[in-house]
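Protein sequences appear in the order of chains C and H.
Counting from 1, position 93 in the first sequence corresponds to residue 82 in the numbering used here; the numbering is continuous, with no gaps.
Counting from 1, position 413 in the second sequence corresponds to residue 414 in the numbering used here; the numbering is continuous, with no gaps.
No residue lacks a Cβ here, since even glycine has one placed at the ideal position from N, Cα and C.
Report on the structure given below.
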Amino acid sequence: MYATRTRRARPEPFTVRPGIAERLGLPYMDPVLGFSAIALAAFGVYTLQHATVNDVPSQPDYFVDRQAIYAGIGLLGMYLLSRIDYSRFRELRVGIYTFLCASVSLVFVFGVAARGSRRAFDLPFFSFQPSELGKLLLVLALAGFVIDGARRGSARQRTVRYLCLGFAPAALVFLQPDLGTALVLGAITLAVMYVGGVRWTHLTAIGGVLAALVAVVLVAAPTVGAPILKDYQQERLTSFLNPTEDPGGAGYQQNQAMTAIGAGEVTGRGDAATQTRLDFVPERHTDFIFAVIGERYGFVGAALVLSLYALLIWRALRIMTLSKNSYGILVAGGIAVMLFFQVFVNVGMNLGIMPITGIPLPLLSYGGSSVLATLLAVGVLQSIHMQARLSQQGRSAR
Amino acid sequence: MGNRLGLRIALFGGVALALFAVLFFRLWFLQILNGDEYLAEARNNRTREFRVTAPRGAILDRDGEVLVDNRTSLALQIDPRKLPARPKRRRAELAELAELTHTSLRRVRRLIKEGGAVPGAPVTLRRDVGHFLVYYLQENQDRFPGVSVQRVFVRHYPQETLAAHILGNVGEINEEQLKEKRYRGLQPGDVIGQDGVEYAYDRFLRGRAGVTRIQVDALGQPTAGGQLLSTEPVPGDNLRLSIDSDVQAAGEAALASIGLPGAFTTMDVHSGEILGVGSHPTFDPSVFTRPMTQAQVNALYRDPILAPLTNRAVSGLYPTGSTFKLITAVAALESEVITTSTPIYDGGSITIGEQTFQNAGGAAYGSVSLVPALQVSSDVFFYTLGWKMWDTGELQRWAHKLGIGRPTGIDLPGDAEGLLPSEKWRNDLYERGGTDRPWSAGDNVQLAIGQGDLQTNPLQMAVAYATLANGGTVVTPRLGMQIDDPAGRVIREFDPRPRRSLRIDSEYRSAILEGLHAAAQSPGGTSYAIFGGFPVPVAGKTGTAQRVGYEDQSWYVALAPYPNPRIVTAVTIEQGGFGADAAAPAALRILEAYFGKRSSGVAGPNGGSPG
């Protein structure tokens, strides 16, 4: 303040030097979106600290340190992305799409195997999972294709084209195999098509085909002896319907997660939490992090987290309505669905109302690729917001 | 796009809102509606319960000397349900265990097949395993699934075989016992008293098992510092017996020195407190704390003649010989068949109906009244009394009142009823074809001197003698004197009410005691040779019971000090011959121990030579 005052004392009539906030672009960002993303990332690090303190012997902060670094890098990336005009990605769509398909394919060659699937590259400092970033890349590329192809071919051709473009990487990821991420990519594809104005009849038809497909994959194919899913995938997908059937099997995880969450009651068990501290809940730092929150911080904590996600989604939807161009609308819509789909499926899985699909909880689940991709996606949303604000300002200035 | 896009966004927002509502609702359902249930489930999830056995109370004698306490032992247990299912692996594990415990695979298999006392419960393979083996098993836990080492309490007998029959033994509760009311709340694997006072006072001795709850993780492994709230085991209370170890030891030593099967009972005539009760042959109670060899099993359980586990003082069934004459005398005096001075001519034999009954040894004592008749043990005198009461039932009535042929109520299992032959009993038996003839005068004549069908034991005789000695109170013999808590405070004293009271004329009482005193310590008395020199005045009666197929059974029942006895001791020696030969010397040693004095042989203060 003092410095500003001294500057004003010196008359400089020809230029108005913008303030530091102005130069950082902060006034043009969506503060609520930023707040919810940062709050969730911070809450994730905080939860991890308690959930994983005993996981790596003699390194109580192993996961926390790493997650904090990923979040830090992610926040930086989010900020940088927000300063770039997202419309540039529309022009780069072919390159982005190629990179997306190449990276998820190269995993088959160079990837490291973990638990029977190859989905990540082992980089010197962390293992990078291209399919995580691929979610965002697919949004950016597919939105571009939709905009550019809006006048080419018949409506039916367009629908088929979008479907193929979107489902190709999804199929590659499915083969890694990574069912969860493949489902997210599928959801993104449908979301972009939905926002992109694909006809209701087509959407209905796709929905019908998908429903039939699910029936075939889960019921018909195994019955005739030609299973499409691997056994554990099948089991995970169906066991939530009847979790008590095999408490030792796939339903076990879900039962334990539900028990953990239920045991949290209103205010949580804090350090007395046992379900998520003593290995009853598996994968508690990744897929079942929500169970940790539910048990440790109770309804208060879990509802707070859900509210933050609701805030995030709401802002994403709001940004759709603010966007200065159609590409922004499509990208924001894709990102909104990408986030919402993951949140709903993951939390639903923790609460025992959705199948176990191995979808991480954005910003909370441990995992560099996921945190990074999510924060970059928020960065893109910020960019759309900023461009919208800037163009509004430009209009009003004119 | 415009409006149509707006519709799509609104629709998407609406769906998102609805789905968020679903999540919130579900969260509320789990955490707030059903939170308590899940919390209980989570608590249950993380704990495993282990029963901690309580140390059993000690058993002490009346002076506080320890008869039984505990030692801890490491027991190797096998949980059959946790053994490997695959026969090959199972076999390999059992074979290795057999080798480690120096036993055969066959025995291990047999033990598992037989199972514990309760099906499915862990089987104790071996007790007292060494630390080396324990460490080895712990280090190789993964190779021995289903095997665990438990610290168990094992009974310890510092006095070795002393009072073995009283103490009894302990063992795992079995299936039938689990259903009994007196064992309510116990679980398979718990140890209870199976015999003796261990059985009778089990509820005081056994204490209450504790429960340790240990926090475990999902793999069932205890977590660091994971011991939770646990219920401490409550140690059993100590039982103090009325047994006087000196008396007990003297009695057992006396029986052992004779070497024949026999029994003794020494009791306070006023309170019924038992100072010593023993049976020979005896056994080492600690054999029950270790696996038994076949030879041991045979010796303990499969020898019907020696039957070392039988407490002959309580469960034995014998005719008593002349020691019964006290009862006959009481009955005859009280039913006014004779007075204390009525003379009866003893010509050496008496003929009743077609039967002639003779004095033992063919002696003839001439005209005798009650006191001399008891002193010399004139059979003819008592034959006559038996004959005079043969159809009145008075002898049976008084014998029954004095406790013959009925359980004494002692606090030991195996309290025998015995048999008091009566007219009704014999006639009923005859009608059922159980015998060749109905009741006759001869039966009563035999009973009058403790022969015939009579079946009783030293304990019943001691009670009968005590009743006369104390003036008519039929005491309840008892071993348990009091219960002390583990800190030694008395928490309960046992003072059982007498069974009943009789009216026995004090003139009759003193006459009979006088006769018994003369028998023991006057020249010519039947046991004068034994008790003549004993400094404490004694009233005692010999008995020589004839048993078909056996040598005569030696009996002696003594009351001391005369004329107001404090204690009674009854001794019987199977095939011991005359009462004065075997039983009386044994009784002497018991009285010596009680009075803490040494007899200076036959030439005592009363002088004279045996008659």
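Cutoff 7 Å; reference residue i; Cβ partners in own chain excluding five residues on either side
i	result
P422/H	D444, L448, G453, D454 and L455
R258/C	A252, E284 and R285
G100/C	R107, R108, A109 and F110
A365/H	D347, G348 and G349
Sub-7 Å separation of residue i and residue j beta-carbons
i	j	result
L319/C	G186/C	no
Y17/C	L379/C	yes
L311/C	A377/C	yes
V67/H	L75/H	no
L13/C	I85/C	no
G58/H	L206/H	yes
V235/H	A96/H	no
Y384/H	Q554/H	no
S378/H	T527/H	yes
Inter-residue Cα distance where the pair is residue i and residue j
i	j	result
P393/C	T275/C	The first residue shown for chain C is -10 and the last is 387, placing residue 393/C beyond what the model contains.
F134/C	R82/C	7 Å
R285/C	L20/H	24 Å
F265/H	R548/H	19 Å
L240/H	P487/H	10 Å
S354/C	I278/C	6 Å
L40/H	P88/H	41 Å
N35/H	P349/C	26 Å
A22/H	I177/C	22 Å
T189/H	I174/H	A quick correction: the sequence has Pro, not Thr, at residue 189/H. Cα-Cα distance, rounded: 6 Å.
L127/C	Q381/C	28 Å
G15/H	R52/H	57 Å
N335/C	F133/H	52 Å
L8/H	V294/C	28 Å
T436/H	R427/H	8 Å
Y298/C	V332/C	8 Å
I568/H	M268/H	5 Å
T87/C	F25/H	40 Å
A321/C	V213/C	42 Å
R273/C	Q243/C	11 Å
L179/H	R152/H	23 Å
A194/C	A200/C	10 Å
G66/C	A159/C	25 Å
G387/H	G451/H	10 Å
R144/H	P85/H	10 Å
A17/H	Q48/C	40 Å
Environment of residue i [buried if 16+ CB atoms lie within 10 Å]
i	result
I306/H	exposed
W189/C	exposed
N392/H	Note that residue 392/H corresponds to Asp in the displayed sequence, not to Asn. So D392/H ends up on the exposed side.
K542/H	buried
I505/H	buried
V171/H	buried
Q245/C	buried
T321/H	buried
R599/H	The predicted model places R599/H with a pLDDT of 40, which falls under 50 and marks its position as unreliable; any figure quoted below should be read in that light. That one is exposed.
D485/H	buried
Proximal residues to residue i (C-beta, below 8 Å), its chain only, five neighbours per side dropped
i	result
L192/C	L179, M182 and Y183
P538/H	H518, Q522, A561, P562, Y563 and P564
R204/H	R183
S601/H	No answer about S601/H holds up, because its pLDDT of 42 lies below 50 and its placement is not dependable.
G472/H	I505, S507 and R510
I73/C	S372
Cβ-Cβ separation, residue j to residue i (assumed contact under 8 Å), whole Å
i	j	result
L276/H	Y595/H	7 Å
Y466/H	P286/H	The pair is not a contact, with the Cβ atoms about 29 Å apart (cut-off 8 Å).
S94/C	L161/C	6 Å
W440/H	E418/H	Actually they are not in contact, since the Cβ atoms of W440/H and E418/H sit about 20 Å apart, beyond 8 Å.
6 Å CB neighbourhood of residue i in its chain, flanking five on each side removed
i	result
A391/C	Any question about residue 391/C goes unanswered here, given that chain C covers just -10 to 387.
G287/C	G253, E254, V255, T256 and G257
E274/H	S243
G357/C	Y59 and F115
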